[in-house]
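Engineer:
In the working numbering, the protein residues as written are 430 to 512.
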């Protein structure tokens, strides 16, 4: 069975500051699809990944921010007892 790779959803960028002790990021909330938001105890959340870029870009950004799109595989409800 082949695993389908999901397209990365980039939603922001960041800058490393204070000798790497702080990463300041900007996130565009409009780029986060509803399917990747969830409610817990009356508050809304989304999971994000902050990745260090290989090189600083032309705007001085050292990090990228992407939506964590991982979803668990749905469990099969079939009975595999074999009889």
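Ideal Cβ positions, reconstructed from N, Cα and C, are used throughout, including at glycine.
#1: With residue 451 as the anchor, note down where its beta strand (DSSP E) starts and where it stops.
#2: Classify residue 442: buried if its beta carbon has 16 or more other beta carbons within 10 angstroms, exposed otherwise.
#3: Would DSSP call residue 487 helix, strand or coil?
#4: Taking DSSP's pairing of strands, which residues face residue 467 in a bridge?
#5: On a CA-only basis, which of 492, 460 and 479 is nearest residue 438? Give me that one, please.
Structural biologist: The relevant details are as follows:
#1: The sequence position of residue 451 within the chain shown is 22, counting from 1. Following the DSSP letters along the chain, one finds residue 451 inside the beta strand (DSSP E) bounded by residues 451 to 456.
#2: Position 13 of the chain shown, counted from the start, is the residue given in the question as residue 442. Residue 442 should be labelled buried.
#3: Taking the chain shown and counting its residues from 1, one reaches residue 487 at position 58. Coil at residue 487, not helix or strand.
#4: Translated into the one-based positions of the chain shown, residue 467 becomes position 38. 474, per the DSSP bridge assignment.
#5: Reading the chain shown from its first residue, position 9 is the one you call residue 438. Ranking the options by Cα distance to residue 438, first place goes to 460.
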